[in-house]
Structure formats: C-alpha cells, structure tokens
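Numbering (UniProt numbering), first residue to last: 1 to 343.
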C-alpha cells in the first residue's frame, strides 16, 4: 500500500500537492505503464503464436519424411503431439497463421491407415468377446463415444423422434461411429427419454418408427467396406443392424434410395475443400426426402489443421438446407457437429 500511494503521489501530509503538473505527470505514467504491459502481452502472444506455427510446420516436415503412414512409434508420436496442439483454444489470427491445407491430406491418409491397421488387429481375435475387447481398446474409442453422444443429442434437438434408419457416407474400415450410434439408438436411456412415439413426423415414417435401427455404411474403398463388413459379422449381436455398400459419395443412392433414411451423415474427410463438400452435399441432399436430417462433421480453430471447416451458410446450400444446430466442442472431441434439415 505505501508503494502504491507513493507511485500515485498521495499519502504524504507534509508535502503540498502540485495540482496540475502532478496530475499530468501521473496520468502520463499510468499510460506509459499500460503501454508497457500491453506491449509485453503482445510479445508473449506473438511468441506463443510463433511456437505454435513452428511446431505445426515441423510436424508437417517430419511427416513428409516418413516412408509410410502406417501406425508405428514415430508417426504415433508425431500425430499425438499434433492432435494435442490443435485441440488448444486460440484466436483466429493465430489459427490463420498455422493452418496448412496439405497437412489435412497427410492426416486423412494416416487416419485411414490407422483404422485399417486396427480393423485387422481386432479381427485377429479368436472369440466374439476378444473381438469386442480389442475394439474397445482402440486408442480413440472413448473419443468416438463422446462424439456420437454429442451428435445424438444434436439430432434429438432437431427432431422429437429418434432416427431408425441412418446412412453414414465415408464410414471407413473401422466404422466406430456407426457402431456407437447403433448401440445408442438400441439401448441408450437418454435417447428414449428425449424422444416420443411418432404420430406425424417429417423425420420418421409410421412404417419405420417401431423397427430396429439400421445404419448403412457407405465408402468408395472396397478394402474399407470389406474390413468393416467382416468386423460387423465378428461382433455378433453388437453388429446387428449394420449394412454396407461400396460406392462414391455422390453416387451412393444410385444403388440405395436415400429417401428411406431419417438421417444421413457426411464424414469429416468426405471432400477436402468447401467447394468439394458443397458439391457432394447438394448431390446427397437431392436424393434425400424433405424434412430428413443431414449431419455434417466440421471443425474450428486450430482443429482445422486436421479436418476441414464446413460453412453451411452459403447461398447455394441455404436453398436446400435449413441449419438447425452447430456445436463446437471445447474438450477432447476434435470434430464440430452441424445438423441441417432438408428443405
């Protein structure tokens, strides 16, 4: 307190105050100290931004040096550190400096390799129990459960009826979302408590309201579909309700009518750019029924280094889709969730 009083020029009864000169001097001192503090904060912020950008660039460089992107100590460490860094919360200026579009391509390829590796590992289980145990030991299994829970709640905020028929475009060789979603729709108490029997609804028909849930998995990669089909069969009852089709995202419904589905998912890596995603979404939506829901995985902040961000508020998309919910998680869940209703 004495030091603060001395700095402000008060608290001395023996010295006469110089009203105008001291007031001017003190105001100037305060401004100078504020400028110094602001400058220090700016320097610290710039230093942090530089470290983040350099870390991401270095990781990108090291990934490019690897002979392959299959799981192993080197790539596991690099991608683990990258996900950790990109899950931090930062302002848009730092994000704009750090995003490397080419890094998404590497992440997409490594994610596919990781899923295929684990699908093969899980299928080596000798019994159904061992298969399930290996499935649940997948490093990001809990993350998928959390993301699916977030998406189910987002879907239920846009409809009073739980979906019974779901199509997942871009399901990959390890369809964890489909399995988690199927389990939630079959057994989750929260799902049942937040929904009510269908009377008149745009997201579920009377003929499907009482049916067991079905999730159609769509992927253009034959190896991915083959691996996920084998996995579903190996899971026994847990995989009941899983269906599969090998097709391009824009032509999936040529073999299967999307109008029968209450919800259609679009995986985060279906389309790398906004233009690509718009083209795919418009094609998919054109084959869906009015009132059905489209769930699109997006990202935000530094997480856009890993997955592309999706803008649903473009003129061309708003003609066909009514945005209902957008959720940006701040926890360990990396993907954002967008739910829109087909107009």
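Glycine included, every Cβ here is placed at the ideal spot set by N, Cα and C.
Extent of the continuous alpha helix (DSSP H) to which residue i belongs
{"i": "residue 309", "result": "Segment: none, residue 309 is in no alpha helix (DSSP H) and carries neither H nor E."}
{"i": "residue 238", "result": "Residue 238 -> no alpha helix (DSSP H), and no H or E assigned at all."}
{"i": "residue 134", "result": "128 to 136"}
{"i": "residue 250", "result": "From DSSP, residue 250 is part of no alpha helix (DSSP H); its letter is neither H nor E."}
{"i": "residue 82", "result": "73 to 86"}
{"i": "residue 234", "result": "222 to 234"}
{"i": "residue 186", "result": "176 to 187"}
Endpoints, beta strand (DSSP E) assigned at residue i
{"i": "residue 400", "result": "Nothing can be reported for residue 400: it is not among the residues displayed for the chain, which extend from 1 to 343."}
Close-in-space but distant-in-sequence residues of the same chain around residue i (CB under 7 Å, 5 per side omitted)
{"i": "residue 271", "result": "277 and 280"}
{"i": "residue 66", "result": "74 and 75"}
{"i": "residue 368", "result": "Nothing can be reported for residue 368, as the shown portion of the chain is limited to 1 through 343."}
According to DSSP, residues forming a beta bridge with residue i
{"i": "residue 243", "result": "216"}
{"i": "residue 321", "result": "342"}
{"i": "residue 297", "result": "337"}
{"i": "residue 167", "result": "216 and 264"}
{"i": "residue 327", "result": "337"}
Buried versus exposed, by CB contacts within 10 Å (16 or more), residue i
{"i": "residue 89", "result": "exposed"}
{"i": "residue 111", "result": "buried"}
{"i": "residue 294", "result": "buried"}
{"i": "residue 217", "result": "buried"}
{"i": "residue 78", "result": "buried"}
{"i": "residue 222", "result": "exposed"}
{"i": "residue 227", "result": "buried"}
{"i": "residue 343", "result": "exposed"}
{"i": "residue 316", "result": "exposed"}
{"i": "residue 257", "result": "exposed"}
Neighbourhood of residue i by C-beta distance below 8 Å, restricted to the same chain and skipping five residues each side
{"i": "residue 212", "result": "164, 186, 240 and 241"}
{"i": "residue 102", "result": "60"}
{"i": "residue 335", "result": "147, 268, 297, 298, 299, 303, 307 and 329"}
{"i": "residue 87", "result": "302, 303, 332 and 334"}
Residue i versus residue j: straight-line alpha-carbon distance, rounded
{"i": "residue 85", "j": "residue 170", "result": "26 Å"}
{"i": "residue 125", "j": "residue 131", "result": "5 Å"}
{"i": "residue 72", "j": "residue 318", "result": "43 Å"}
{"i": "residue 128", "j": "residue 121", "result": "13 Å"}
{"i": "residue 231", "j": "residue 48", "result": "44 Å"}
{"i": "residue 337", "j": "residue 52", "result": "25 Å"}
{"i": "residue 188", "j": "residue 286", "result": "32 Å"}
{"i": "residue 312", "j": "residue 323", "result": "7 Å"}
{"i": "residue 249", "j": "residue 50", "result": "39 Å"}
Same chain, Cβ closer than 6 Å to residue i, neighbours up to 5 away in sequence not counted
{"i": "residue 174", "result": "115, 118 and 119"}
{"i": "residue 289", "result": "259"}
{"i": "residue 157", "result": "325"}
{"i": "residue 202", "result": "Any answer about residue 202 is weak, because its pLDDT of 47 lies below 50 and its placement is not dependable; what the coordinates show is given next. The residues are 291."}
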